[in-house]
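Beneath this line is the structure, given in structure tokens, with notes to follow.
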Amino acid sequence: MVISTTSMAHEAYSLTPPKVSVQLWSVKDQLKDDFEATVEALAQMGFDGVEFAGDFGPFNEDANGLRLYLDSLGMVASGAHVSFEQLNDENFTETVAFYQALGAKVLIVGWDKRAWDPKGIDFVVNELNRISLKLKPLGIKFGFHNHEHEFNGFKGTTFWDYLAKNTMQDVVLQQDVGWTTYAGRDPIEYVKRYPGRTITTHYKVKLPEGVEGKLPIIGQDTIDWLALTKANIAVGGTQWLVVEQEEYPNGLTPLQAVEKSKLGLDNILKQL
1302 MVISTTSMAH EAYSLTPPKV SVQLWSVKDQ LKDDFEATVE ALAQMGFDGV
1352 EFAGDFGPFN EDANGLRLYL DSLGMVASGA HVSFEQLNDE NFTETVAFYQ
1402 ALGAKVLIVG WDKRAWDPKG IDFVVNELNR ISLKLKPLGI KFGFHNHEHE
1452 FNGFKGTTFW DYLAKNTMQD VVLQQDVGWT TYAGRDPIEY VKRYPGRTIT
1502 THYKVKLPEG VEGKLPIIGQ DTIDWLALTK ANIAVGGTQW LVVEQEEYPN
1552 GLTPLQAVEK SKLGLDNILK QL
């Protein structure tokens, strides 16, 4: 049964620019070496928040302490990547308690190969709906994050479209712009196709095959970030732009590459 459709009217959302976060996977090795120094370096770049990916450094069992630490740096937890297993019936209470204490209000499944498996996609859809309903009374949104595989063909459409159309409006579609463009799709079209569902968006560059003279750095690539950001604000309901850096060109360290993408994004946001 199709739950959400592409024909729904595009609502007008707040024109307030989203806040800017960083996915900590971008600096995963640096976090292991010195968690606090790495997070503090990100705070100095002007990020409003961080999105977690399972590494909490010395705060692994102290969500309240981690929240206070982020607060001392002027940042918050914009969200976190989790697995379905972390939110199954056995682990649900413990997992949710941690993220509630941390103040993370958006939990996203960052990777699950069943999402591009004809035999697994319905499990993903059903779990997204089921867990989203459980989290809604707690004020937490739940969703899924795409890679390029979700744009493979399935039942006359793509796995990503099938997932979107068969999940509730409350289920967040966290678009990874880099993987969307790498798959040959238009990220702006996908924001407009599912209004109000890109509550958080990964701003990452993954250059398509054959592109020359560009870098995997925001503002030095092929993406029309200004038009995309306007669509996110006007149609997507986007609250967080999450910078993610998985490539570090020209000998840049991960932190240096993140900073360049942050500066590139800052220049784009100034044009709004």
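For the sequence shown, my numbering gives the first residue as 1302, with consecutive numbering after it.
Note that CB positions come from ideal geometry on N, CA and C, so glycine has one too.
Fair warning: this is a prediction, and the values are worked out from it, not measured in the lab.
Which word fits T1431, buried or exposed, when buried means at least 16 other C-beta atoms lie within 10 angstroms of its C-beta? Locating residue 1431 in the sequence shown gives position 130, counting from the first residue. Note that residue 1431 is Arg in the sequence shown here, rather than Thr. R1431 sits exposed, since fewer than 16 C-beta atoms from the chains shown fall within 10 Å of its C-beta.
So what does DSSP say about W1412, is it helix, strand or coil? One-based indexing of the sequence shown puts residue 1412 at position 111. Secondary structure at W1412: coil, using DSSP grouped into helix, strand and coil.
Between which two residues does the beta strand (DSSP E) containing L1474 stretch? Here residue 1474 corresponds to residue number 173 of the sequence shown, with the count starting at 1. Taken as a continuous stretch (DSSP letters only), the beta strand (DSSP E) holding L1474 covers 1473 to 1475.
Bridge-paired residues (DSSP) for A1381: Start at 1 with the first residue of the sequence shown, and residue 1381 comes out as number 80. DSSP, once it has assigned bridges, lists F1353, L1408 as partnering A1381.
Verify whether the separation of the beta carbon atoms of V1536 and Y1504 is less than 8 Å. Here the question's residue 1536 lines up with position 235 in the sequence shown. Here the question's residue 1504 lines up with position 203 in the sequence shown. No, these two residues do not count as a Cβ contact at 8 Å.
With 16 as the cutoff for other CB atoms within 10 Å, does V1377 come out buried or exposed? Taking the sequence shown and counting its residues from 1, one reaches residue 1377 at position 76. With 16 or more neighbouring CB atoms inside 10 Å of its own CB, V1377 falls in the buried class.
Same chain, Cβ closer than 8 Å to L1570, neighbours up to 5 away in sequence not counted: On the sequence shown, position 269 is the one that residue 1570 refers to. Taken in chain order, the residues that qualify are P1318, V1321, T1530.
With H, G and I counted as helix, E and B as strand and the rest as coil, what does DSSP make of G1457? Within the sequence shown, numbered from 1, the residue matching residue 1457 stands at position 156. If DSSP states are grouped into helix, strand and coil, G1457 belongs with coil.
As assigned by DSSP and simplified to three states, the class of L1542: Along the sequence shown, one-based indexing puts residue 1542 at 241. The answer is strand: DSSP assigns L1542 an E or B state.
Leaving out five residues before and five after V1512 in sequence, what residues of the same chain have Cβ atoms less than 7 Å from its Cβ? Locating residue 1512 in the sequence shown gives position 211, counting from the first residue. Short of 7 Å from the beta carbon of V1512, and not among the five residues preceding or following it, lie these beta carbons of its own chain, in chain order: T1523.
Apart from the five residues just before and just after K1437, which ones in its own chain have a Cβ nearer than 7 Å to its Cβ? Along the sequence shown, one-based indexing puts residue 1437 at 136. Closer than 7 Å at the Cβ level, and outside the excluded window around K1437, lie D1471.
Among E1547, Y1463, A1484, which residue has its Cα nearest to the Cα of L1474? Taking the first residue of the sequence shown as 1, we reach residue 1474 at position 173. For the set E1547, Y1463, A1484, the Cα lying nearest the Cα of L1474 is the one of Y1463.
Is V1478 helix, strand or coil when you go by DSSP? The residue you call residue 1478 lines up with position 177 of the sequence shown. If DSSP states are grouped into helix, strand and coil, V1478 belongs with the helices.
Go ahead and pull the three-state DSSP assignment for Y1463. Against the sequence shown, residue 1463 aligns to sequence position 162. If DSSP states are grouped into helix, strand and coil, Y1463 belongs with the helices.
Since T1530 is in the alpha helix (DSSP H), which residue starts that stretch and which ends it? Numbered from 1 along the sequence shown, position 229 holds the residue referred to as residue 1530. Start and end: 1526 to 1532.
Rounded to whole angstroms, what's the CA-CA distance from K1333 to A1484? Just pull it up for me. Translated into positions along the sequence shown, residue 1333 becomes position 32. Translated into positions along the sequence shown, residue 1484 becomes position 183. About 31 Å.
Reduced DSSP category for Y1504 - H, G, I as helix; E, B as strand; rest coil: By one-based count along the sequence shown, residue 1504 stands at place 203. When secondary structure is reduced to three states using DSSP, Y1504 falls in the strand class.
Starting from V1492, follow the alpha helix (DSSP H) in both directions and report where the run begins and ends. Indexing the sequence shown from 1 puts residue 1492 at position 191. Counting along the chain, V1492 sits inside the alpha helix (DSSP H) bounded by residues 1488 to 1494.
H1450 in three-state terms, based on DSSP: In the sequence shown, the residue the question calls residue 1450 occupies position 149. Residue state, collapsed to three classes: helix.
Under 7 Å Cβ to Cβ from Q1387, same chain only, skipping five residues before and after it: list those, please. Residue mapping note: residue 1387 aligns to position 86 of the sequence shown, counting from 1. For Q1387, where only same-chain residues beyond five positions count, the Cβ hits under 7 Å are T1396.
Closest by CA to G1358, which one among A1465, E1510, D1335, Q1345? The residue given as residue 1358 occupies position 57 in the sequence shown. Cα-wise, what sits closest to G1358 is D1335.
Three-way DSSP call (helix, strand, coil) for G1421 in this model: Within the sequence shown, residue 1421 is the residue found at index 120, counting from 1. It is coil, neither helix nor strand.
Just to confirm the assignment, what range does the alpha helix (DSSP H) spanning Q1331 have? By one-based count along the sequence shown, residue 1331 stands at place 30. Counting along the chain, the alpha helix (DSSP H) containing Q1331 begins and ends at 1329 to 1334.
Figure out for me which residue from G1350, N1453, I1519, F1348 has the closest Cα to the Cα of R1415. As a first step, residue 1415 is located in the sequence shown; it is residue number 114 there, counting from the start. Per the C-alpha coordinates, the member of G1350, N1453, I1519, F1348 positioned closest to R1415 is N1453.
A1342: which of G1538, Y1549, V1559, G1565 sits nearest, CA to CA? Here residue 1342 corresponds to residue number 41 of the sequence shown, with the count starting at 1. It is V1559.
Extent of the continuous beta strand (DSSP E) to which V1323 belongs: The residue labelled residue 1323 in the question sits at position 22 within the sequence shown. Unbroken beta strand (DSSP E) run through V1323: 1320 to 1324.
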